[in-house]
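Protein chains in written order, with the numbering used here: chain Y, 1 to 353; chain E, 354 to 657. For each residue, glycine too, the CB sits at the ideal point set by N, CA and C. The next block holds one structure in the form of structure tokens; read it before the comments.
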């Protein structure tokens, strides 16, 4: 990359100070994204993906706080140093966000046209009329048929897919440099999902927008992203180009996620799962945060918090296996006795139990 | 620019609002189908019209005492449909004049209370944290004082309380409940995803409060304010009955009722009609409030 990246996040820490202790939801995340690039962020629920997204736009509410030392530089400006008016000027205008639930991210009591026009009026001196025209134009661009009529309708009169298109229209109306899409297709059924992803890709090509695509669905990542960040326990555990990640995943967590994906042409009784759950952010395990669920973990993982090891060009992984690759041998689980491992078809299921 | 892709889309189910009316018009339409709410509205409209036009519709001057001896305590007749009172005043005229005071005091004081309560509750709920805790503990303390006792105490100290004084007194003691209601509504509305979405799109706090939060608060406040009008009409009558509200000879339903009590045992009409007016008003107000609740409490979200 010759020109400086559009957005650089370094050592982002977002902690929530709750009665149950300090939740370190995002704990030292760094990444950057170039102009026109699509960066995928994957991980299970509770890994800190959404909090990372909200932190970038400083939308974290009490009792959450961005810790000092965190730095978010966008177009050369440190977003954390801006005053309220300054950050409002960025939100929706230079960086926009698309939310997960098209059902609830729209205000039920205003027409969708009004809601798109509102964004225009917040960020420009456009007249009511001009803002409305722009809203209708955006509805056309996102592929809503009969946009002039649809603009006068309320969210409940639109289908889920159309509502998501409206949200995309709201996000793109000011032609932002960066769009953060937080699970934009999770609430939609599969055919609509594909359409929405296609639409985002088309709009990105046309407008040159950068996209941060947050999802737990590796299928979505494979389709849209060029680079992927895998998050676990509030940290980045692996970063790679998308082809590399799918071909040679390094981190056991990434490996687990890939195994948990259904594949066309492979018969499986059950999908593999990663045993256990993401630990609560108030109590990340010492050492490696994934070790309790890792099939390879050994004593070093408990003692030593792994740094991000360089695996290849643009490929990093937060796993001691980079140091000791010979340890990549599945440690048989207590339940997975030799008997259950006999049949290869059930070996995954045995792991999952 | 041209459409990018042709989206096949399902026609969504329109939950109870097929025409895509604005929420207010949809509510009005629901209200229009509610017979008891219509009846209540008609009654209140008639009472309101009589109150506004009181000077022109009363058969006699409200405070006139034409003949204290000959025209005293006359039973209802064609000349005096509601009879006359102890001072030979026409009861019908006094009830009509009284409605002017009773209704306007109730309406205005509820406006004061609803406005104050909404502002206070919205600030507490939106700002949250320590500010919210402090503001709500104050409300708890104020709610611990029985309202009627507070009113009597202040009315006694505040000698010669006028109509404006009465409105302020009732308004300033009536907003605690509203503020609690609004605070709860604001706290829940603040967590709505579309509020976060609006913030993410660059809306300021004022805009978020005004555009996205208050519209959700208005309906419940409207319903509770309507109910409060019925309540305040009674409280004002009670205060006046106790001699601490409207001063004689000015008529209000409370004062007409209490004036009549002197001769009530022998001339029932002196008090009964003021009492009836009160009952009818409160009933009508409650019918309207119930209708409003029905019409407004459905948030315009898809069915199920």
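When the five nearest sequence neighbours on each side are left out, the beta carbons in the same chain lying within less than 8 Å of the beta carbon of residue 65 (chain Y) are those of 14, 15, 16, 17, in order along the chain. Annotation for residue 241 (chain Y): the continuous beta strand (DSSP E) segment containing it runs 235-241. With fewer than 16 other Cβ atoms from the protein chains shown falling within 10 Å of its own Cβ, residue 420 (chain E) counts as exposed.
If you draw a straight line from the Cα of residue 46 (chain Y) to the Cα of residue 566 (chain E), it is about 28 Å long. For residue 425 (chain E), the three-state secondary structure derived from DSSP is coil.
Within the region 583-602 of chain E, no residue places its CB atom closer than 8 Å to a CB of chain Y. Proximity of the region 151-169 of chain Y to the region 110-122 of chain Y meets the contact definition, three or more beta-carbon pairs being nearer than 8 Å. Taking a Cβ-Cβ threshold of 7 Å, the residues of chain Y close to residue 565 (chain E) are 107, in chain order. Between residue 98 (chain Y) and residue 168 (chain Y) the beta-carbon gap is near 6 Å, inside 8 Å, which marks them as a contact. Taking a C-beta distance under 9 Å as the contact criterion, residue 627 (chain E) and residue 613 (chain E) qualify as a contact pair. Check the Cα spacing between residue 242 (chain Y) and each of Y:253, Y:127, Y:220, Y:261: the tightest is with Y:220.
Closest by C-alpha distance to residue 615 (chain E), out of E:589, E:571, E:439, is E:439. Around the beta carbon of residue 306 (chain Y), 16 or more other beta carbons lie within 10 angstroms, which makes this residue buried. The C-beta of residue 154 (chain Y) comes closer than 9 Å to at least one C-beta of chain E. DSSP, reduced to helix, strand and coil, places residue 30 (chain Y) within a strand of the structure shown.
For the region 545-563 of chain E, the beta-carbon criterion of a distance under 8 Å to any beta-carbon of chain Y is satisfied by 545, 546, 547, 549, 550, 551, 552, 553, 554, 555, 556, 557, 560. The shortest C-alpha to C-alpha distance from residue 102 (chain Y) to any of Y:39, Y:175, Y:193, Y:123 is the one to Y:193. At least 9 Å separates the beta-carbon of residue 604 (chain E) from that of residue 598 (chain E).
DSSP places residue 445 (chain E) within a helical segment (H, G or I) once states are collapsed to three.
Note on geometry: alpha-carbon atoms of residue 238 (chain Y) and residue 49 (chain Y) lie some 14 Å from one another. For residue 201 (chain Y), same chain residues with a beta-carbon under 7 Å away, outside a window of 5 residues either side, are 224 in chain order. Interface residue (Cβ-Cβ distance to chain Y less than 9 Å): residue 375 (chain E) is classified as such. For residue 140 (chain Y), there is no enclosing beta strand (DSSP E); the enclosing alpha helix (DSSP H) covers residues 128-141. Within chain E, the residues placing a beta-carbon under 7 Å from that of residue 93 (chain Y) are 555, ordered along the chain. Cβ-Cβ separation between residue 226 (chain Y) and residue 35 (chain Y): approximately 12 Å, too far for a contact (criterion under 8 Å). Spanning the alpha carbons of residue 503 (chain E) and residue 510 (chain E) requires a straight line of approximately 11 Å. Within chain E, not a single residue places a beta-carbon under 8 Å from that of residue 248 (chain Y); the smallest gap is close to 34 Å.
Residue 481 (chain E) has a beta carbon lying within less than 9 Å of a beta carbon in chain Y. A distance below 6 Å between beta-carbons, with the five flanking residues on each side excluded, links residue 282 (chain Y) to the following residues of its chain, in chain order: 20, 21, 23. For residue 51 (chain Y), no pairing in a beta bridge is given by DSSP.
DSSP places residue 17 (chain Y) in the uninterrupted beta strand (DSSP E) bounded by 7-18.
The beta carbon of residue 74 (chain Y) sits no closer than 9 Å to any beta carbon of chain E. Contact of residue 573 (chain E) with chain Y is not assigned, every C-beta pair being separated by 9 Å or more.
Between the alpha carbons of residue 11 (chain Y) and residue 639 (chain E) lies a gap of roughly 60 Å.
Chain Y has no Cβ within less than 9 Å of the Cβ of residue 418 (chain E).
Residues of chain E whose Cβ lies closer than 8 Å to the Cβ of residue 96 (chain Y) are, in chain order, 553, 554.
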